[in-house]
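>
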Amino acid sequence: MAHSTLSHDEYTMAWMCALPLEMIAAKAMLDEIHGRLPQPQSDHNTYTLGRMSCHNIVIACLPFGVYGTTAAATALAEMRSTFSSLRFVLMVGIGGGAPRNADIRLGDVVVSRPTLKGSGVIPYDYGKTIHDGHFQRIGYLNKPPQVLLTAMSQIESDHREWKSQFKLCLDILEKDDEMKAQFSRPSNDWLFHATYSHCGTAGCLSCDPKQLVIRTPRVSHEPYIHYGLIASGNQVMRHAHTRDQIAQELGILCFEMEAAGLMDQLPCLWQGYASLVAATYTKWLLSVVPVTVCRTQPERDPTSRVSAARRALKDHYIKGKRLRIERLSGLELPMDQCYINLAVVQCSRLAKSDANEKSKTTTSQQSSPFSLFSRLKIDAVGSGSLVSLDTLFEPQKQFNGEFVRPKRILVQGAAGVGKTTLCKKIVHDYYHHEMWQNLFDWILWVPLRRLKLMSPVKECNLGRFFSDEYFSHYPEGKKFGQAMWEAVDTSARDKTLFILDGLDEVSGEWSSDTPMHKLLRDLLDMPQVIITTRPYRLSRTDLEPLDLELETIGFLPDQVAAYVQNPRIVRPKDTATQIQDFIQKHVLIRELVRIPIQLDALCHSWNGDFLKDMPRAMTTIYKAIVLKLWQKDILALEIRHRGELLKKREAQDLLESEITNLTQNIMNLIEFLAFTGLYSDVIEFRAEVRKQIYNHKELCEKFPDMPDSILRKLSFLRTADETLGDDVRSYHFLHLTFQEFFAAQYFVTHWVEGKDLLCLPLWRARAKPSPKNPEKFLQEEKYNSRYDIFWRFVAGLLHEQGEDQLRRFFKILEDKPQDLLGPSHQRILMHCFSEVPRNSLEDLRIRVEGHLKQWALFENKIHGRMTLCYEMEFPDHALHTMMKEEPEDVKKGILQALQYRPQLSSHLLKWIASFLGREKIAIDILRKQYTLPEDILHGIVARLEDSDCNVRQAASSVLDKQPTLSEGKQSALSEDILQAIATRLKDSDRDRILTGI
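Mapped onto this note's numbering, the consecutive letters of the sequence shown carry residue numbers 68 to 1064.
Take a look at the structure:
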């Protein structure tokens, strides 16, 4: 669809094609098509005008049947006379590869770039024959403009982004059947010996297969990009031997003939595909070329400029790929798989009484605050406290009974549970699903960390920020920013939603008397705002009153299943089934994968070994995932093994010991980074923090050069904004538990080798690391809650070092000082033993379990409850012993404690099932459990006949918790259970009918 017509002078880029096929591919890359413009009689070209990325571009094709450099020069001269503001012209199309010196395949991209032998493009047929018959070439064409060379350098190393760009090419084919038929990749890529004379049939089907050159197959069909010299001329390069001779002499990668003879000489089946791939690369190149303001530009009235700014803002989000969610594999995560779960923390200015009332109904279902899953923020919450994203701004009840729509909302969340994903999904659903469009004319996502890019010596206001953040590539960017600022500050103020992402990253960054602090305050004081932050060290002194406080939590179990079963994420189907079975059979994994990044890590690192040797402890799970991620990262780091770069298959076969040898220095860096952060309570590693770590003499000798260049390539670390430079970029571990795992590896290495830990206090400027004996560190920090998961990992890792090391660890743990009056000592023993296999340290385990039983019985006698039994780490064996040996009141106390557990082992489920016929509390315990065994479900169905309506409703609630439908089934429940439920529907008792429903 054509948009408003621009002037000739607003077009600054030109794209020349030699063949109509190439022009079709070029037009497919346009983000917007413009109306036609008049042109002088002397200009015989036909143009397609439009916008690509942020550039207004002219696309033209050579006259049909007229080829060669002369024809191209003529067309270009006429184009320049019509569009006088053109900065440069790109010649994009298909050519003949010269595969003698480079592994060039059909469909690859060759980009002209200067070398020592030429400026980028060499006229191979322009010259003279000298006395010995040798052909001497004369002159070179000008090298590409510097702005293009700079753009090439920027994108050359970004292989991951090329994968994304190539996917754009494939998406175009999927959406257009006509293009798919003409531009899809053929299956055969044959290279014959240069001395072989072809038969002349299309596609070389009749050529002698014995003359084929044997080449190593590539891992994927993704095209390669080659940079170097291109030969151009008016004559057709028909002779392969001559082609190789010239290529060898000049270092040529490709022969471009402005289409002379291409229709006859090149494999016709590959022309469409090659054209589309070349066009895809060109669009990528232009996306990083900065925009230059054209010479003359018509003034826009304020209303049209606001409309233009609104369109540009939409393009900034959607076409700029800023809403892309990237998985560990580098592939894009479909937005419909980005599940956002929000739970109410409190209603700050609205009716707290309602929230409190709801919380009373779910208190008994909440887990122990000391449990692993409460610590990870993945515990199930009561349905009354969940808030769906689309209803976030629905009116809430106030104290006086009136309903008022929330306007100022705070969203807290730990790393890895989707705060930035929440921001992207809001913007995505606003534009793609019209969410909240009746409430807001503007939704402005502001990553607050990007405020640091603004120079404090220049003007600091929202107009400048909008220009820099949203419109920096537009000629009218400053005017767009100013127009937007005026709109959202006046007439549209109440119709603008600001999403302020990452308050914790800038909290306390600037003094209160600085312009940057005032700018931040202006944003925080906006009347309609969603603020995201991590809960750590959040200062509320700068915040105006809030209407609603929420926190992000992990995936729900049915969302985990849907994620794994999505073929766009996990393929083939058998793999998805294996992963799902693995999750269901493992209690710990079932909860860990509710953290989105943990689920992605499991899916990305999956192989059949997990099923053969199923890990039972958190440490073994993390070791398996970390091993797979190292195998991936070794390729990105381009580490050589026995002098050769590893291939993907070779990296996947590396043993843990081999990976350790290859990456020892990098492991040292990651482990010390993790430990130092944990010691200093730092989870966001800003540039100044990293510099403190890098600068220490003791460490510089161990670590490789340019550590930041390594951090960028590691799967274990993430940065919130890839576009920032190293001087303002910060990194964090995939999840806090990964930081704790690597910190534990650092501790264990020093414990085993008898070396002091280097404890660097990052809170003190220019501080030096102080050495500390690992045993002394354990004694001082064993009850510090910050190290709870850290000590679990230490115990699990020490188990692999031998029983003696593990005994020494528990001996120091048992030594004084002990928490004799509280459960902290029992808790750390219980947590650490959960990481040790049952058959290890049997004598010590028996003694510890005896202490745990005594403590549980003491709590039950004094307080009427067993808080240690709330936690999944309380050993099943100790519970079974108490169930057999203790009186009924203790058994009931255990049942009450098990209500607090989000998941139960298969042994506990069987024991609880024995109480279904006589204890309602047994049904209440099962309310949280998903995918219950068939025999237990039959016991639940039997309670649908109970005379107590509360029991019937509880039983119905358990059935409702069972998983969603699996593929190929009408129901997730068996036929027998469905029949029992159907019987309820025939019952005359209205309450029982409702229970059945």
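We put the CB at the ideal spot given by N, CA and C, even for glycine.
1) Quick one: what's got a C-beta closer than 8 Å to ILE1007's C-beta in the same chain, skipping five residues either side?
2) Restricting to Cα atoms, I'd like to know which of GLY162, SER534, LYS381 is closest to ASP508.
3) By Cβ distance, which residues of its chain are closer than 8 Å to GLU228, with the 5 residues on each side in sequence left out?
4) Indicate whether at least one CB of chain C lies closer than 9 Å to the CB of SER455.
5) Going by C-alpha distance, which of LEU477, LYS491, GLY397 is nearest TYR406?
6) For TYR348, which residues in the same chain have their Cβ closer than 6 Å to its Cβ, ignoring the five residues on either side in sequence?
7) Mind checking GLN468: buried by the 16 CB within 10 Å criterion, or exposed?
8) Excluding the 5 residues flanking LEU610 on each side, which residues of the same chain have their C-beta closer than 8 Å to its C-beta?
9) Would DSSP call ALA418 helix, strand or coil?
10) Determine, using beta carbons only, whether ALA85 and MET158 come nearer to each other than 9 Å.
11) Could you pull out every residue in the same chain whose Cβ sits closer than 6 Å to the Cβ of SER354, ignoring the five residues on either side in sequence?
12) So LEU880 packs on ILE856, CB below 8 Å; how close in whole Å?
13) Which whole-angstrom value describes the C-beta separation of GLY174 and ALA341, a residue pair presumed to lie in contact below a C-beta threshold of 8 Å?
14) Mapping DSSP to helix, strand and coil, what is THR141?
15) Output yes or no for whether 9 Å exceeds the beta carbon distance between GLU938 and MET897.
16) In terms of DSSP beta bridges, what is LYS464 paired with?
17) Should PRO357 be labelled buried (16 or more other beta-carbon atoms within 10 Å of its own) or exposed?
18) Would you mind stating whether TRP818 and PRO841 have Cβ atoms separated by less than 9 Å?
19) Report buried or exposed for VAL573, applying the criterion of at least 16 other Cβ atoms within 10 angstroms of its Cβ.
20) When the Cα atoms are used, what is the spatial distance from HIS75 to ASN123?
21) With which residues is GLY96 paired in a DSSP beta bridge?
22) Are the CB atoms of CYS670 and VAL637 nearer to each other than 9 Å?
23) So, with DSSP's three-state summary, where would you put ASP886?
24) Would you kindly check if the distance between the Cβ of ALA684 and the Cβ of LEU655 is under 9 Å?
25) The ligand ATP heavy atoms versus the CB of HIS799: any closer than 8 Å?
26) Does the region 701-718 come within contact of the region 792-799, defined as at least 3 CB pairs closer than 8 Å?
27) Given 8 Å as the limit, is there contact between the region 736-754 and the region 716-726, that is, 3 or more CB pairs closer than that?
28) Straight-line CA distance for THR149 to SER109?
29) Take CYS361 and list the residues in its own chain whose beta-carbon comes closer than 7 Å to its own, dropping the five residues that flank it on each side.
30) To the nearest angstrom, how far is it from the Cα of LEU704 to the Cα of LEU215?
31) Identify, in the order they occur along the chain, each residue of the same chain with its Cβ nearer than 6 Å to the Cβ of GLY530, setting aside the five sequence neighbours on each side.
32) Look at the alpha carbon of LYS562 and the alpha carbon of TRP503, and state the distance between them as a whole number of angstroms.
33) Rounded to the nearest angstrom, what separates ALA375 and GLY102 at their Cα positions?
34) Would the region 916-935 count as touching the region 869-884 if we require 3 or more Cβ pairs under 8 Å?
35) Can you give, in chain order, each stretch of the alpha helix (DSSP H) that sits fully within the region 951-999 and has at least 4 residues?
36) Run through the region 874-933 for me and flag every whole alpha helix (DSSP H) of 4 or more residues, listed as ranges in chain order.
On the basis of the coordinates in this document:
1) As a working mapping, residue 1007 is identified with position 940 in the sequence shown. Taken in chain order, the residues that qualify are LEU983, ILE990, LEU993, LEU999, ALA1022, VAL1025, LEU1026.
2) The sequence position of residue 508 within the sequence shown is 441, counting from 1. Ranked by Cα distance from ASP508, the options GLY162, SER534, LYS381 are led by LYS381.
3) For this step, residue 228 is matched to residue 161 along the sequence shown. Excluding sequence positions up to five before and after GLU228, its CB lies within less than 8 Å of the CB of ILE222, TRP351, all in the same chain and listed in chain order.
4) The chain inventory of the structure shown lacks chain C, comprising one protein chain alone.
5) The residue labelled residue 406 in the question sits at position 339 within the sequence shown. From the listed residues LEU477, LYS491, GLY397, the smallest Cα separation to TYR406 is found for LYS491.
6) Numbered from 1 along the sequence shown, position 281 holds the residue referred to as residue 348. Beyond the five residues adjoining it in sequence on each side, TYR348 comes within less than 6 Å, by CB distance, of VAL176 in the same chain, given in chain order.
7) Within the sequence shown, the letter at position 401 stands for residue 468. For the record, residue 468 in the displayed sequence is Gly; it is not Gln. Under this definition GLY468 is an exposed residue.
8) As a working mapping, residue 610 is identified with position 543 in the sequence shown. Within the same chain, LEU610 has close Cβ partners LEU477, LEU591, ILE598.
9) One-based indexing of the sequence shown puts residue 418 at position 351. No answer about ALA418 holds up, because its pLDDT of 41 lies below 50 and its placement is not dependable.
10) Taking the sequence shown and counting its residues from 1, one reaches residue 85 at position 18. Taking the sequence shown and counting its residues from 1, one reaches residue 158 at position 91. Going by C-beta atoms, ALA85 is nearer than 9 Å to MET158.
11) Walking along the sequence shown from the start, residue 354 turns up at place 287. The residues are SER120.
12) To locate residue 880, count along the sequence shown from 1; it is residue 813. To locate residue 856, count along the sequence shown from 1; it is residue 789. Contact flag wrong, Cβ pair sits at about 15 Å.
13) Indexing the sequence shown from 1 puts residue 174 at position 107. Indexing the sequence shown from 1 puts residue 341 at position 274. About 6 Å; that satisfies the 8 Å criterion.
14) Taking the sequence shown and counting its residues from 1, the one referred to as residue 141 is at position 74. In the structure shown, THR141 falls within a helical segment according to DSSP collapsed to helix, strand and coil.
15) Position 871 of the sequence shown, counting from 1, holds the residue named residue 938. Position 830 of the sequence shown, counting from 1, holds the residue named residue 897. If you check the CB distance, GLU938 and MET897 come in under 9 Å.
16) Your numbering for residue 464 matches position 397 in the sequence shown. Paired residues: PHE470.
17) Counted from its first residue, the sequence shown places residue 357 at position 290. Around the beta-carbon of PRO357, fewer than 16 other beta-carbon atoms lie within 10 Å, marking it exposed.
18) For the purposes of this step, residue 818 is identified with residue 751 of the sequence shown, where counting begins at 1. For the purposes of this step, residue 841 is identified with residue 774 of the sequence shown, where counting begins at 1. The answer is yes: Cβ separation under 9 Å.
19) Sequence index remark: in the sequence shown, residue 573 carries index 506 (1-based). VAL573 comes out buried.
20) Sequence index remark: in the sequence shown, residue 75 carries index 8 (1-based). Sequence index remark: in the sequence shown, residue 123 carries index 56 (1-based). Cα-Cα distance, rounded: 10 Å.
21) For the purposes of this step, residue 96 is identified with residue 29 of the sequence shown, where counting begins at 1. It should be pointed out that residue 96 corresponds to Met in this sequence rather than to Gly. Paired residue(s): none; MET96 is not in a bridge.
22) Start at 1 with the first residue of the sequence shown, and residue 670 comes out as number 603. Start at 1 with the first residue of the sequence shown, and residue 637 comes out as number 570. Going by C-beta atoms, CYS670 is nearer than 9 Å to VAL637.
23) Working through the sequence shown from its first residue, we reach residue 886 at position 819. Note: ASP886 maps to coil in three-state DSSP.
24) Against the sequence shown, residue 655 aligns to sequence position 588. Against the sequence shown, residue 684 aligns to sequence position 617. The answer is yes: Cβ separation under 9 Å.
25) Inclusion of the ligand ATP in the displayed structure is not the case, the ligand content being empty and no account of it being possible.
26) No, the region 701-718 does not touch the region 792-799.
27) Touching, no, given that fewer than three Cβ pairs across the two stretches are closer than 8 Å.
28) Walking along the sequence shown from the start, residue 149 turns up at place 82. Walking along the sequence shown from the start, residue 109 turns up at place 42. The straight-line gap from Cα to Cα measures roughly 9 Å.
29) Counting from 1 along the sequence shown, the entry for residue 361 is found at position 294. For CYS361, the predicted model reports a pLDDT of 41, less than 50, meaning its position is unreliable and no value from the coordinates is stated.
30) The residue labelled residue 704 in the question sits at position 637 within the sequence shown. The residue labelled residue 215 in the question sits at position 148 within the sequence shown. If you take the alpha carbons of LEU704 and LEU215, they lie about 27 Å apart.
31) Here residue 530 refers to the residue found at position 463 of the sequence shown. Here GLY530 has GLY548, GLN549, TRP552 as same chain residues with Cβ atoms under 6 Å from its own Cβ, once five neighbours each way along the sequence are excluded.
32) For the purposes of this step, residue 562 is taken as the residue at position 495 of the sequence shown. For the purposes of this step, residue 503 is taken as the residue at position 436 of the sequence shown. Inter-residue distance for LYS562 and TRP503 is about 10 Å (C-alpha atoms, whole angstroms).
33) Taking the sequence shown and counting its residues from 1, the one referred to as residue 375 is at position 308. Taking the sequence shown and counting its residues from 1, the one referred to as residue 102 is at position 35. The straight-line gap from Cα to Cα measures roughly 16 Å.
34) Not touching, per the Cβ criterion.
35) List check, alpha helix (DSSP H) in window: 955-965, 973-980, 987-993.
36) Unbroken alpha helix (DSSP H) stretches of 4 residues or longer found wholly inside the region 874-933: 891-900, 909-930, given in chain order.
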